[in-house]
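Novice: The structure is given below, and queries will be raised subsequently.
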Amino acid sequence: MTQIPMQPAVAQQVAAQQVAMRFEDPALIFVHIPKAAGSTLNHVLEAQYEPGESYATCSTPRHPHGDLNRFEALNEAQLAGIRLLHGHMGYGLHRYLPRPAIYVTFLREPVERVISHYSFERTLPDSPVYDYLQSGEMDLKEYVRYYAEAAEMDNLQTRMIAGNWHKRGFGACTPEMLEQARCNLSEAFAVVGLAEQFDASYLLLKRTFGWRSAPFRWRNKTRKRLYRDQLSADELEMIREHNRFDIALYAYAQQLFEEQVRRQGPSFPLELAWFRARNRLYGNYWQARTYSVRTRVRNLFSANAA
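Be aware that the sequence shown starts at 185, since it is given in this note's numbering, and climbs by one per residue.
Pasting the structure below:
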């Protein structure tokens with residue numbers, strides 16, 4: 185893809201961010217787009233901060249009562265202690281924090297994100313549409329149509345990055361929102377990652393913020409999900425129709441991502457290969473350990489039944 189030249193204003197923004205990182209200890213804000221590898225990244229991020237330094241605007245193991253309204257009700261002293269803010273939220277919460285803030289996010293190819301979201305919600309008994317999905321009364325097209333009215337399936341990534349999300353009201357996504365989202369990505373986000381390039385995106389975060397290296401396990405992966413080749417042409421076209429701005433934003437994010445990787449220099453592919461090998465061993469270890477625990481539990485129940 186065509187490389188994006190860094191404009192003078194953007195270069196000044198990056199320089200200002202680097203100065204802030206060295207001298208003013210800014211907060212890190214992760215805009216967690218649903219079904220874009222955010223659950224896995226949340227664990228990676230929280231490993232870099234002490235429990236009292238982070239706040240989540242949605243439920244996580246560390247913050248089971250995370251809530252955006254609770255965040256907005258925090259007092260100044262509580263806000264001052266936040267060094268990591270993450271969760272399902274739109275751009276703009278830096279305005280609440282007394283310290284400087286830097287944004288990061290991961291985007292996902294829009295059609296795949298919608299398919300994953302649909303597949304995931306079919307496994308959630310607490311979902312308001314669970315019974316309709318299970319009974320077959322609501323197929324994928326009806327699901328997209330239903331949630332498009334609530335903006336969940338109508339260019340969600342564009343809305344969140346543009347800041348048109350929390351308390352936004354409803355209505356169609358617009359070209360102006362797309363332009364604002366592009367501007368925010370290029371000027372306010374220190375790292376723009378891609379869910380499909382998670383390992384490389386993680387290493388960009390590690391290098392940008394000087395983090396210690398930490399292997400990870402995939403979290404909240406959807407079981408029994410649908411795949412693109414299982415859908416009809418009409419279903420795919422409907423998803424694209426409701427996410428045409430997200431498709432454009434994702435293409436722009438890909439360009440930003442490739443430029444970020446290019447600036448890392450020739451050592452980046454070598455570090456990436458080493459990290460993938462190491463993380464594969466870590467994943468195999470946890471898989472074997474999980475299997476061993478399940479086997480012991482199953483044998484215990486078998487013994488008791490006998």
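Beta carbons are placed, not taken as given, at the ideal position from N, Cα and C, and that holds for glycine.
The model shown is predicted, which means the values in this text are computed figures rather than measured ones.
How many Å lie between leucine 456 and glutamate 333 at the Cα?
Specialist: As a working note, residue 456 is residue 272 in the sequence shown. As a working note, residue 333 is residue 149 in the sequence shown. In a straight line, the C-alpha of leucine 456 is about 41 Å away from that of glutamate 333.
Novice: What span of residues does the beta strand (DSSP E) with histidine 301 cover, start to end?
Specialist: Along the sequence shown, read from residue 1 onward, the residue named residue 301 stands at position 117. Element bounds for histidine 301: not the beta strand (DSSP E) but the alpha helix (DSSP H), 294–305.
Novice: Counting along the chain, where does the alpha helix (DSSP H) carrying threonine 241 start and finish?
Specialist: Along the sequence shown, one-based indexing puts residue 241 at 57. Premise fails: threonine 241 is in no alpha helix (DSSP H) and is neither H nor E.
Novice: Consult DSSP for histidine 227 and reduce its assignment to one of helix, strand or coil.
Specialist: Taking the first residue of the sequence shown as position 1, residue 227 is located at position 43. Reduced to three states, the DSSP call for histidine 227 is helix.
Novice: Since threonine 289 contacts phenylalanine 214 with CB under 8 Å, what's their CB separation in whole angstroms?
Specialist: The residue given as residue 289 occupies position 105 in the sequence shown. The residue given as residue 214 occupies position 30 in the sequence shown. Right, their Cβ atoms sit about 7 Å apart.
Novice: Compare the C-beta of leucine 263 with all C-beta atoms of chain D and state if any pair is closer than 9 Å.
Specialist: Although the question refers to chain D, the structure presented lacks it and comprises just one protein chain.
Novice: Expressed to the nearest angstrom, what Euclidean distance is found between the alpha-carbon atoms of proline 450 and glutamate 442?
Specialist: Taking the sequence shown and counting its residues from 1, the one referred to as residue 450 is at position 266. Taking the sequence shown and counting its residues from 1, the one referred to as residue 442 is at position 258. For proline 450 and glutamate 442, the distance between alpha carbons rounds to 14 Å.
Novice: So, at 8 Å on beta carbons, what are the nonlocal neighbours of glutamine 318 in its own chain, with the 5 sequence-adjacent residues on each side left out?
Specialist: Working through the sequence shown from its first residue, we reach residue 318 at position 134. Cβ neighbours of glutamine 318 beyond the five flanking positions: Arg306.
Novice: Is the beta carbon of tyrosine 287 less than 9 Å from the beta carbon of alanine 346?
Specialist: As a working mapping, residue 287 is identified with position 103 in the sequence shown. As a working mapping, residue 346 is identified with position 162 in the sequence shown. No.
Novice: Ignoring anything shorter than 4 residues, give me the alpha helix (DSSP H) runs that lie fully in the stretch 300–368, in order along the chain.
Specialist: With a minimum length of 4 residues, the continuous alpha helix (DSSP H) runs that stay inside the stretch 300–368 are 314–319, 324–332 and 340–346.
Novice: With contact counted as at least three CB pairs below 8 Å, one residue from each stretch, are the stretch 261–277 and the stretch 233–253 in contact?
Specialist: Yes, they touch.
Novice: Mapping DSSP to helix, strand and coil, what is isoleucine 431?
Specialist: Looking up residue 431 in the sequence shown gives position 247. Isoleucine 431 falls in the helix class under three-state DSSP.
Novice: For the putative contact between leucine 263 and proline 282, defined by C-beta atoms under 8 Å, what is the C-beta separation to the nearest angstrom?
Specialist: Taking the sequence shown and counting its residues from 1, one reaches residue 263 at position 79. Taking the sequence shown and counting its residues from 1, one reaches residue 282 at position 98. Right, their Cβ atoms sit about 6 Å apart.
Novice: If alanine 367 sits next to aspartate 338, beta carbons under 8 Å apart, how far is it from one beta carbon to the other, in whole angstroms?
Specialist: The count along the sequence shown starts at 1 and reaches residue 367 at position 183. The count along the sequence shown starts at 1 and reaches residue 338 at position 154. It should be noted that the sequence gives cysteine, not alanine, for residue 367. Going by Cβ atoms, the distance from cysteine 367 to aspartate 338 rounds to 20 Å, so no, they are not a contact pair.
Novice: Looking only at its own chain, which residues have a Cβ that is under 7 Å from the Cβ of glutamate 293, when we skip the five neighbours before and after it?
Specialist: Position 109 of the sequence shown, counted from the first residue, corresponds to residue 293. The residues are Glu380 and Tyr434.
Novice: Only counting the same chain, and skipping five residues up and downstream in sequence, which positions put a Cβ closer than 7 Å to that of histidine 278?
Specialist: Translated into positions along the sequence shown, residue 278 becomes position 94. Contacts found: Ile213 and Ala285.
Novice: Determine the burial state of arginine 343: buried for a count of at least 16 other Cβ atoms within 10 Å of its Cβ, exposed for fewer.
Specialist: As a working note, residue 343 is residue 159 in the sequence shown. The residue is buried, with at least 16 neighbouring Cβ atoms inside 10 Å.
Novice: At the level of alpha carbons, what is the spacing between alanine 195 and tyrosine 330?
Specialist: Residue numbering aside, residue 195 sits at position 11 when the sequence shown is read from its first letter. Residue numbering aside, residue 330 sits at position 146 when the sequence shown is read from its first letter. Unreliable positioning characterises alanine 195 in this predicted model, as indicated by a pLDDT of 46, which lies under 50. A coordinate reading is not provided.
Novice: Report the rounded CA-to-CA distance for glutamate 363 versus tyrosine 436, giving the unit in angstroms.
Specialist: Taking the sequence shown and counting its residues from 1, one reaches residue 363 at position 179. Taking the sequence shown and counting its residues from 1, one reaches residue 436 at position 252. About 11 Å.
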